[in-house]
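Enquirer: If you read the protein sequences in the order shown, they are chains A and B. The numbering of the first sequence is my numbering, which starts it at -3 and goes up by one. The numbering of the second sequence is my numbering, which starts it at 116 and goes up by one.
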Amino acid sequence: MDYILRTTALNKHYKGCKALHGLSMNIPKGSIYGFIGKNGAGKTTLIRLICGLQEPTSGEYTLYGRKNTDKEIGKSRRRMGAVVETPSIYLDMTAEDNLKQQYRILGLPSFEGLVDILKLVGLEDTGKKKAKHFSLGMRQRLGIGIALVGSPDFLVLDEPVNGLDPQGIIEMRELISNLNRKQQITVLVSSHILDELAKFATHYGFIDQGRMVREMSAEELNEACRKCIHVEVSDTKILAHVLDGMELEYKILSGRDADIYANVNVSRLALALAEYGCEVFSMQERGESLESYYVNLIGGAKNE
Amino acid sequence: MNRLLSAEFVRLWKSFVFRLGLFFSAGLGIFIIAMRWMDVKAHPKIYAELPAEYTSADGLIFIGGIYIVFAAAVFVGIFTGTEYGDGTIRNKLAVGHSRKNIYLSKLIACGAACLTMHGLYIAVSLAAGLLLLGSITMEPIEILSFTGAGMAAMMAMTAILLLLAMSIQNKAAGSVACLLLTMIMLFASLTIWQRLSAPEYHDAYAYVNENTGEVITGEKEENPKYLTGTKRKVYEFLNNFLPVSQLYQIALNDSQNLGTMIMYDCLIICLSTGAGIVIFQKKDLK
């Protein structure tokens, strides 16, 4: 698998505080990587490091295969766009002028594609309105527009939906999904609004107290959070035989417990089991949301 | 670096504070000349007895430097602080520009802005002076020398202000710090100049006490405030070293140490820029 960003045992210490504690993460090419953690977990610190705003205390990271200590790391950074915390925009300039500034900073020969970016982020009708008069959502979108100048392959978005209204959140989600799908941009998006992330992320990284607790793909997470019917029976061997006959997916957990991953006709199953003399003690629906998975995971990590 | 400079100069051109600075410089140039012109018109007999330089523009075209330096402090504080305040400095770092190049591009842009403000004051006051006061007594080479030294002092001051502004991430705090530093330097410069100008001796005196008719005399005596030895050398060094002191000397048309002052300016620019780059390199940006 190709990785855009890999970090190895990354540490960042501030005075009397360890913001990152041996953090290792891997962002696959083409993914939307949801970076999940509570406030102060170290999400923004990591983003600051990879954007070159700060230097790690120890450890290293590679961006497009170049180590952070490589003098040419700037060339790798030219392929990325970022919005760190608040959108970085000149408040006394219009949306168009802000984008033009970024074109100049990147040394692009013309302003080709500028109108397309404005349309993409929905700011094509702002005219001569200065950014200081924009709403928070418009500023966020302008920040992303600036990050998109130069057609980056890798977009880093730190809490992009913070402070947005429900409509703004939906628009932001669609924008990120479109960028990933249509332009194959890899996106690292940090957030603590988990249900929102769960709608478009393809990979997840769970961070707590500066440590990566777990990295997984959306498929793995779905597997882990999959809804199932948990049954407690007198003999799971008989249960397995009956479920095979019904062609249902299941997982035997013990001699008495099993999970069935399908919609079960409870009466039919109970009758079929009764024919083999197998008793049903209990049956209940189980399943986890990303939120409950996160809570269990972080709680588990703390108790380890 | 060229890309950064291109972006900085476009921003400079659009900057309201810079335009305000230019307006201030031009306005100050006209105001100072106009005040002298009105004074000459109001007191023709007094000015007729004074040397020609008092009724010409050349005594005034370099005074503005000590005012323009305050406009420079406000400009550098706000222009640089905006990058931190709006967070736009991150856009440059995130796309791979080195911190050294970012700092140098700021020095060049701020330097160009401050020199333009200073240059505009000189040009406007010279033009207004020729128009209203008519004559000029300084030789062109003298004007050029003072202008060059003034520009060097302004550039050195810009380098110091930039070092301060780039070290403070808070826009308001950075702007206030720049202004405070300039005020402190002006106060220090005036104190230094005053101490250096103190006479070595108080002259002998004699006067008649009107009540008693007694003639009171005093001998020529040493001035205890007159600086001597190492202390005087330190004061002289500071007078030539500090950019605001240099601007003050230039305002007084004192041409004795122009070469030394320019040399010190080059040293200040190199040292403060070097220190600024080192501090900025190590800075954890938010």
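Note that CB positions come from ideal geometry on N, CA and C, so glycine has one too.
Take Gly26/A as the anchor and find which of Leu151/A, Arg210/A, Val260/A has the nearest alpha-carbon.
Expert: If you number the first sequence from 1, residue 26/A lands on position 30. It is Leu151/A.
Enquirer: Under the three-state reduction of DSSP, which class applies to Ser171/B: helix, strand or coil?
Expert: By one-based count along the second sequence, residue 171/B stands at place 56. Note: Ser171/B maps to coil in three-state DSSP.
Enquirer: Step through the CB atoms of chain A and report whether any lies within less than 8 Å of the CB of His233/B.
Expert: The count along the second sequence starts at 1 and reaches residue 233/B at position 118. Answer no: the Cβ-Cβ gap between His233/B and chain A never drops below 8 Å.
Enquirer: Which whole-angstrom value describes the C-beta separation of Val117/A and Leu171/A, a residue pair presumed to lie in contact below a C-beta threshold of 8 Å?
Expert: Counted from its first residue, the first sequence places residue 117/A at position 121. Counted from its first residue, the first sequence places residue 171/A at position 175. Yes, Val117/A and Leu171/A are in contact; Cβ-Cβ is about 7 Å, under 8 Å.
Enquirer: How would you call Glu334/B, buried or exposed, if buried means at least 16 neighbouring beta carbons within 10 angstroms?
Expert: Locating residue 334/B in the second sequence gives position 219, where the first residue counts as 1. Exposed.
Enquirer: Can you give me the Cβ contacts of Ile147/B inside the same chain, cut-off strictly under 7 Å, excluding the 5 residues immediately before and after it?
Expert: Your numbering for residue 147/B matches position 32 in the second sequence. Contacts found: Leu175, Ile178, Gly179, Ser240.
Enquirer: So, with DSSP's three-state summary, where would you put Arg252/A?
Expert: Locating residue 252/A in the first sequence gives position 256, counting from the first residue. Coil, per DSSP.
Enquirer: Pull up the DSSP beta-bridge partners for Lys247/A, would you.
Expert: Numbered from its first residue, the first sequence carries residue 247/A at position 251. The partner list for Lys247/A (beta bridge, DSSP) reads Asp255/A.
Enquirer: Is Gln180/A close to chain B, meaning its C-beta is less than 8 Å from at least one C-beta of that chain?
Expert: If you number the first sequence from 1, residue 180/A lands on position 184. No, Gln180/A lies away from the interface with chain B (no Cβ there is under 8 Å from its Cβ).
Enquirer: Considering Arg207/A, what are the terminal residues of the beta strand (DSSP E) in which it resides?
Expert: Your numbering for residue 207/A matches position 211 in the first sequence. It spans 207 to 213 - the beta strand (DSSP E) in which Arg207/A sits, taken as one unbroken run.
Enquirer: To test your reading of the DSSP string, which unbroken alpha helix (DSSP H) runs of 4 or more residues are found completely within the stretch 238 to 313 of chain B?
Expert: 255 to 282, 286 to 312
Enquirer: Among the candidates Asn117/B, Ile251/B, Asp369/B, Ser282/B, whose CA atom is the shortest distance from the CA of Glu407/B?
Expert: As shown, chain B starts at 116 and ends at 401. That puts residue 407/B outside it, with no answer to give.
Enquirer: Taking 8 Å as the CB-CB cut-off, is Tyr289/A touching chain B?
Expert: Counting from one through the first sequence, the residue named residue 289/A turns up at place 293. Cβ-Cβ to chain B under 8 Å: no for Tyr289/A.
Enquirer: Looking at chain B, which residues of the stretch 122 to 137 of chain A have a Cβ within less than 9 Å of any of its Cβ atoms?
Expert: Within the stretch 122 to 137 of chain A, the qualifying residues are Ala127.
Enquirer: Going by the beta-carbon positions, is the gap between Leu190/A and Ile28/A smaller than 8 Å?
Expert: The sequence position of residue 190/A within the first sequence is 194, counting from 1. The sequence position of residue 28/A within the first sequence is 32, counting from 1. Contact: no.
Enquirer: Quick check: what's the CA-CA separation for Leu278/B versus Ile394/B?
Expert: In the second sequence, counting from the first residue as 1, residue 278/B sits at position 163. In the second sequence, counting from the first residue as 1, residue 394/B sits at position 279. Approximately 9 Å between the Cα atoms of the pair.
Enquirer: At a Cβ cut of 9 Å, what residues of the stretch 209 to 224 of chain B count as close to chain A, listed as they run along the chain?
Expert: Listed in sequence order: Ala209, Val210, Gly211, His212, Ser213, Arg214.
Enquirer: On the criterion of 16 or more Cβ atoms from any shown chain inside 10 Å, does Gly136/B qualify as buried, or is it exposed?
Expert: Along the second sequence, read from residue 1 onward, the residue named residue 136/B stands at position 21. Per the 10 Å Cβ criterion, buried.
Enquirer: How is Phe124/B classed by DSSP in three states: helix, strand or coil?
Expert: Mapped onto the second sequence, residue 124/B falls at position 9. DSSP places Phe124/B in helix when its eight states are reduced to three.
Enquirer: On a Cα-Cα basis, can you pick out the residue from Val238/A, Asn259/A, Gly61/A that is closest to Glu271/A?
Expert: Numbered from 1 along the first sequence, position 275 holds the residue referred to as residue 271/A. The shortest C-alpha separation from Glu271/A is found at Val238/A.
Enquirer: Can you look up Thr40/A in the DSSP assignment and give me helix, strand or coil?
Expert: Working through the first sequence from its first residue, we reach residue 40/A at position 44. The answer is helix: DSSP assigns Thr40/A an H, G or I state.
Enquirer: Can you give me the C-alpha to C-alpha distance between Arg136/A and Pro83/A, rounded to a whole angstrom?
Expert: By one-based count along the first sequence, residue 136/A stands at place 140. By one-based count along the first sequence, residue 83/A stands at place 87. It should be noted that the sequence gives Gln, not Arg, for residue 136/A. C-alpha separation (whole angstroms): 6 Å.
Enquirer: What is the residue span of the alpha helix (DSSP H) that Tyr10/A lies within?
Expert: In the first sequence, the residue the question calls residue 10/A occupies position 14. No alpha helix (DSSP H) contains Tyr10/A, which is instead part of the beta strand (DSSP E) from -1 to 10.
Enquirer: With Met116/B as the anchor, note down where its alpha helix (DSSP H) starts and where it stops.
Expert: Looking up residue 116/B in the second sequence gives position 1. Going by DSSP, Met116/B is part of no alpha helix (DSSP H) at all; its letter is neither H nor E.
Enquirer: Kindly list the residues whose CB is nearer than 6 Å to the CB of Gly146/A, restricted to its own chain and excluding five residues on each side of it in sequence; keep chain order.
Expert: Reading the first sequence from its first residue, position 150 is the one you call residue 146/A. Result list for Gly146/A: Leu102, in chain order.
Enquirer: Could you tell me the alpha carbon to alpha carbon distance between Lys128/A and Leu362/B, rounded to whole angstroms?
Expert: Position 132 of the first sequence holds residue 128/A. Position 247 of the second sequence holds residue 362/B. Answer to the nearest angstrom: the Cα atoms are 38 Å apart.
Enquirer: Tell whether a beta-carbon distance below 8 Å holds between Ala366/B and Leu235/B.
Expert: The residue you call residue 366/B lines up with position 251 of the second sequence. The residue you call residue 235/B lines up with position 120 of the second sequence. Contact: no.
Enquirer: Short of 6 Å in beta carbon distance, which residues of its chain neighbour Phe261/B, apart from the five on each side in sequence? Order them along the chain.
Expert: What you label residue 261/B is simply residue 146 of the second sequence in a count that begins at 1. Within the same chain, Phe177, Ile365 come within 6 Å of Phe261/B by CB-CB distance, once the 5 residues on both sides are set aside.
Enquirer: Check whether chain B comes within 8 Å of Ser84/A, counting only Cβ atoms and requiring the distance to be less than that.
Expert: Within the first sequence, residue 84/A is the residue found at index 88, counting from 1. Judged by the 8 Å Cβ criterion, Ser84/A is in contact with chain B.
Enquirer: Go through the stretch 159 to 216 of chain A residue by residue and report every complete run of the alpha helix (DSSP H) that reaches 4 residues or more, in order.
Expert: Fully contained in the stretch 159 to 216 of chain A are the following alpha helix (DSSP H) runs of length 4 or more, in chain order: 162 to 179, 190 to 193.
Enquirer: Is the closest heavy atom of the ligand PLP to the C-beta of Met242/A under 7 Å?
Expert: With respect to small molecules bound, the structure shown includes none, and the ligand PLP cannot be examined in it.
Enquirer: Between which residues of its own chain and Val330/B is the CB-CB distance below 7 Å, once the five residues before and five after are set aside?
Expert: Translated into the one-based positions of the second sequence, residue 330/B becomes position 215. Result list for Val330/B: Ala321, Val323, in chain order.
Enquirer: Any contact between the stretch 264 to 279 of chain B and the stretch 348 to 358 of chain B? By contact I mean 3 or more CB pairs, one from each, below 8 Å.
Expert: yes
Enquirer: Mapping the DSSP letters down to three states, classify Met279/A as helix, strand or coil.
Expert: Residue numbering aside, residue 279/A sits at position 283 when the first sequence is read from its first letter. In the structure shown, Met279/A sits in a strand (DSSP, three-state: E or B).
Enquirer: Using beta carbons (cut-off 8 Å, strictly below), is Val183/A in contact with chain B?
Expert: The sequence position of residue 183/A within the first sequence is 187, counting from 1. No, Val183/A lies away from the interface with chain B (no Cβ there is under 8 Å from its Cβ).
Enquirer: From what residue to what residue does the beta strand (DSSP E) around Phe31/A run?
Expert: Indexing the first sequence from 1 puts residue 31/A at position 35. Its beta strand (DSSP E) spans residues 28 to 32.
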